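In mature numbering (1 follows the signal peptide of the UniProt record, and there is no 0), the protein residues as written are -30 to -1, 1 to 366.
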């Protein structure tokens, strides 16, 4: 049951989840006073400035007690190192969402769902696979705001990918599984950002999403393979509670477009959620995913499109493209997508990782070439090439 009321703990509306009757609490789990005090100090001392005058120490203590009791109750609770558990289970929030008391009720809801699970891996999949069925929450462009709290998501139902990821991560934390958000500011091939959830088990972090029955969502892996993560807007950043350096999690809903600063800009007041750069790990993960999908390590996926820019509004004109070796040997050929194709559609070639190659561009298969472009393999799983009018003019 969901109870919403005003509360001095936070200036915004506070939604409190009331556990279902008949579900025993975790209070029987003994917690060392010294450990509890250490845990409370950690959460309290690392709380963001937005919570300094609204979140009380008593609220933090009660929330931490529930998190520590879950660590002792669930069979996987103590399999994660304390540093991982402390930073990714104890905190009461993820980004700048409205603060609310979600932990106790989510634990009561998901305890019977994971009751037969022996490992954290089983529990993660059991929870993630049926999020909409179990909560009624679903993705919608009509959501009221992008950064809903778990309580708001359960009440309003319609959420963004960030709202989905926050609710899933909260559900995992409620049963003692370390979890956090990972986000990207901009994809390289289409406009838009994305946020997903990570869960810690078996000694490492694993990507999992709302309603997914397996880890490493295929379309996300495919998109990651296209990234050049040298620029911040294309980096993959995970959330953290403890701040260790200047890196911050990109809350895209706080960003502003500033041409003078080179594009998207995050104002100073939007940089308070500590970040962890996980780009390198995901690039390797994407490369392994492509290999399992049929692309060997000796080949790179070449995605080709004829578009002015990676924007949904950019016009497409199909071109016939031939991939050849330097000696003229044809490896693959075909048409780029037309203007009615899905934005994720590309002309896809497999590019050997050794050697130099050329792309011969024609307006039609039987026409004369209008451009010849040099192409070389890169270190990423996927290389994305836009054949723009400007590029063709330079070749003429």
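All residues carry an ideal CB built from backbone N, CA and C; glycine is no exception. Bear in mind that the values here come from a model prediction, so they are computed numbers and not experimental data.
Straight-line Cα distance separating residue j from residue i
i: residue 169; j: residue 70; result: 22 Å
i: residue 155; j: residue -1; result: 42 Å
i: residue 200; j: residue 4; result: 43 Å
i: residue 137; j: residue 276; result: 39 Å
i: residue 364; j: residue 311; result: 27 Å
i: residue 269; j: residue 254; result: 14 Å
i: residue 317; j: residue 66; result: 40 Å
i: residue 147; j: residue 91; result: 9 Å
i: residue 15; j: residue 86; result: 37 Å
i: residue 103; j: residue 256; result: 29 Å
i: residue 357; j: residue 274; result: 7 Å
i: residue 124; j: residue 24; result: 23 Å
i: residue 13; j: residue 29; result: 11 Å
Status (buried if at least 16 other CB within 10 Å, exposed otherwise) for residue i
i: residue 27; result: exposed
i: residue 75; result: buried
i: residue 238; result: exposed
i: residue 22; result: exposed
i: residue -16; result: Because residue -16 sits at a pLDDT of 47, beneath the cut-off of 50, its placement in the model cannot be relied upon, and the following sentence gives the value as read from the coordinates. Buried, because 16 or more other Cβ atoms sit within 10 Å of the Cβ of residue -16.
i: residue 120; result: buried
i: residue 7; result: exposed
i: residue 186; result: buried
i: residue 189; result: exposed
Best match in the options for proximity to residue i [C-alpha to C-alpha]
i: residue 192; options: 182, 157, 36, 16; result: 157
i: residue 96; options: 108, 109, 81, 110; result: 81
i: residue 111; options: 99, 121, 126, 235; result: 126
i: residue 33; options: 53, 269, 52, 60; result: 60
i: residue 216; options: 240, 174, 122; result: 240
i: residue 88; options: 67, 44, 56, 114; result: 44
i: residue 18; options: 272, 336, 210; result: 210
Residues bridged to residue i [DSSP beta-bridge criterion]
i: residue 332; result: 290, 339
i: residue 271; result: 320, 352
i: residue 346; result: According to DSSP, residue 346 bridges with nothing at all.
i: residue 149; result: 169
i: residue 208; result: 152, 246
i: residue 178; result: 167
CB contact below 8 Å: residue i versus chain C
i: residue 84; result: The structure shown contains no chain C; it holds only a single protein chain.
Exercise for the section: Taking 8 Å as the threshold, find out whether the region 212 to 221 comes into contact with the region 239 to 258 through three or more Cβ pairs. Expected result: yes
- prompt: So does the region 37 to 47 actually touch the region 130 to 148, counting three or more Cβ pairs closer than 8 Å?
  reply: Yes: at least three Cβ pairs fall under 8 Å.
message: Between the region 282 to 299 and the region 258 to 270, can you find at least three pairs of beta-carbon atoms closer than 8 Å?
response: no
Taking three-plus beta-carbon pairs below 8 Å as touching, is the region 315 to 327 in contact with the region 340 to 351?
Contact between the region 315 to 327 and the region 340 to 351 is present: 3 or more CB-CB pairs across the two stretches fall below 8 Å.
Notebook entry, point to check: Any contact of the region 170 to 186 with the region 46 to 64, i.e. 3+ C-beta pairs under 8 Å?
Noted result: yes
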